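Down below is the structure, laid out as structure tokens.
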Amino acid sequence: MSGFAGARRVLADAIGSRVFPAATAEVGDSTRTLWQDALGTLTFDADAPETRLDTPFDLASLTKVIATATAMMDCVSNGALTLGARVAEFFDDWRGEDRDSVSIRDLLEHASGLPGRLLDAPPEGRREFEHEICKVRLEYEPRARSIYSDLGFILLGFVAENLGRDLATAVVRGRARRRRRPCRSLWHRRRRRRFRAGDSARRARR
Numbered sequence: 013m014s015g016f017a018g019a020r021r022v023l024a025d026a027i028g029s030r031v032f033p034a035a036t037a038e039v040g041d042s043t044r045t046l047w048q049d050a051l052g053t054l055t056f057d058a059d060a061p062e063t064r065l066d067t068p069f070d071l072a073s074l075t076k077v078i079a080t081a082t083a084m085m086d087c088v089s090n091g092a093l094t095l096g097a098r099v100a101e102f103f104d105d106w107r108g109e110d111r112d113s114v115s116i117r118d119l120l121e122h123a124s125g126l127p128g129r130l131l132d133a134p135p136e137g138r139r140e141f142e143h144e145i146c147k148v149r150l151e152y153e154p155r156a157r158s159i160y161s162d163l164g165f166i167l168l169g170f171v172a173e174n175l176g177r178d179l180a181t182a183v184v185r186g187r188a189r190r191r192r193r194p195c196r197s198l199w200h201r202r203r204r205r206r207f208r209a210g211d212s213a214r215r216a217r218r
């Protein structure tokens, strides 16, 4: 673990402070693994199973990181989009003095003022969904705070689609093919149920 003691201490301190109950880490390059470790237990329960190197984690909002953010990076690198572009340039319904200055960067930084989600179930059609997001009341002045928002990243996905980027195939599968090796980050379900971090101790003991 030489050279990674500091990183391990960060994880251990966070577990000790009950930020999260479990963590696994692996660092390496294309030739070898430099460090791997498993810390904590699957839950905060006293009798919860210990975390192992092969403990699967349910990663929330993974599409934001793998697909949407990557699509935005492609758009920016290809000159199709700038981070300072105003959201109003892409959506006719995004109007009003309270939101006129909101940019693509603000959506990426969760600083647009948008709430986390809609109060009611979202409409099925994209046009209706887009309209609801653009018209929802902002919860704070843009860039005054940074609060996690699903709605902001949904708008980013719509922007990517408008610019001809398909989030699932063109970004995730396309990049995997260009590397000419299997991509294990695609969406799939494991055939065999295993204990997961976040499972209750009661379920883990079954």
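Mapping to this note's numbering: the sequence shown position 100 is 112, numbers consecutive.
Cβ coordinates follow ideal geometry from the N, Cα and C atoms, glycine included.
Computed from a predicted structure; not experimentally measured.
What number of angstroms, rounded off, separates the C-alpha of residue i from the C-alpha of residue j?
i	j	result
G91	Q48	38 Å
L119	P68	30 Å
L46	H122	34 Å
A60	T53	6 Å
P33	D104	45 Å
D41	A100	42 Å
T75	R21	29 Å
V31	A17	19 Å
Once DSSP output is grouped into helix, strand and coil, what is the label at residue i?
i	result
T80	helix
D49	strand
R98	strand
S115	strand
E142	helix
I159	coil
G176	coil
V171	helix
S124	coil
V11	An answer regarding residue 11 cannot be provided, because it is not within the stretch 13 to 218 covered by the chain.
S73	coil
A17	helix
Should residue i go down as buried or exposed, given a rule of 16 or more other Cβ atoms within 10 Å for buried?
i	result
T80	buried
G164	buried
L23	buried
L65	exposed
E142	buried
A133	exposed
Check whether the Cβ atoms of residue i and residue j lie closer than 8 Å to each other.
i	j	result
R117	L95	yes
Y152	G108	no
G137	Y160	no
P135	E144	yes
A72	T63	no
L130	V148	yes
M85	A172	no
3 or more residues per run - each beta strand (DSSP E) lying fully within the segment 24 to 69: 34 to 40 and 45 to 52
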